[in-house]
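Data block below; observations after.
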Amino acid sequence: MLQLPVSALQSLLPPVHLLAYSTLLGTQVFESFVVVRVAHQALPYESFTTLQKQLFPTYFRCQSALLFITAVTLPRYGPLSLFRAGWKILTPFIVAGAVATLNAVYYGPMTSRLMMTKRFQAEMEARRDDGSISEELEKLNRSFKRAHAMSIHLNAITIVATLWYGWTLASHIKF
């Protein structure tokens, strides 16, 4: 088995770290501000909700994985560098990781489930002649709006924490 010396591993950390960080930030910005807006404007509601149901779990998993890769490749010593660098570097990772995890395991799935339930209920009620909506659909709408708003805000907090770390990272670059 080929073993790389410690110095070779340390030389791999900075490029992998920068690639993981830039991919994380690019993914967050593109998904949150471009893909969602374009899809919402271009697709019929049913197609949009189907796309979102598939897209967001993948997005949240990728976000969490890229956060992890960024954290464990922190130059000079990998994960140990997080603790050696102190709270200035550790805090944005803790904030982004906790909030992204909350979105990936709780609010994201809840929002998707409520969106699909609400869509199904609305389709059932569309068959009614009087055009009114039931109390159940109103309740689903309120629950969906709360969960969706929470997911959006958690995603924004993760992006801000990622930018916060990026600012700290950029301040250490010497030209």
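Take 1 as the starting number for the sequence shown in the UniProt record's numbering and just add one per residue.
Quick reminder that beta carbons are idealized off the backbone N, C-alpha and C, glycines included.
Grab the span of the alpha helix (DSSP H) containing V34 for me, first residue to last.
Neither: V34 is in no alpha helix (DSSP H) and is coded neither H nor E.
When you compare only the Cα positions, how much space is there between R127 and Q41?
26 angstroms
Closest to I69 by C-alpha separation, out of S32, T23 and S47, would be which residue?
T23
Could you check which residue in I152, R146 and P79 has the C-alpha nearest to that of Q28?
I152
Given this structure, state the Cα-to-Cα distance separating L67 from A96, to the nearest angstrom.
8 angstroms
3 or more residues per run - each beta strand (DSSP E) lying fully within the UniProt domain "TMEM205-like" (19 to 117)
none
Along the chain, where does the alpha helix (DSSP H) containing I173 start, and where does it finish?
It is not in any alpha helix (DSSP H) - I173 carries neither H nor E in the DSSP assignment.
8 angstroms CB neighbourhood of A147 in its chain, flanking five on each side removed
Y107, M110, T111 and L114
Assuming P75 contacts Y165 under a Cβ cut-off of 8 angstroms, what Cβ separation, rounded to an integer in Å, is found between them?
In fact, because the Cβ distance is near 13 angstroms, the residues do not count as touching under 8 angstroms.
Is it buried or exposed, Q52, if we count other Cβ atoms within 10 angstroms and call 16 or more buried?
buried
Assuming contact is defined by CB atoms lying nearer than 8 angstroms, are L13 and T162 in contact in what I supplied?
no
Applying the criterion that 16 or more other CB atoms from any shown protein chain within 10 Å of the CB defines a buried residue, is T58 buried or exposed?
exposed
Tell me whether the beta-carbon of Q54 lies closer than 8 angstroms to the beta-carbon of A100.
no
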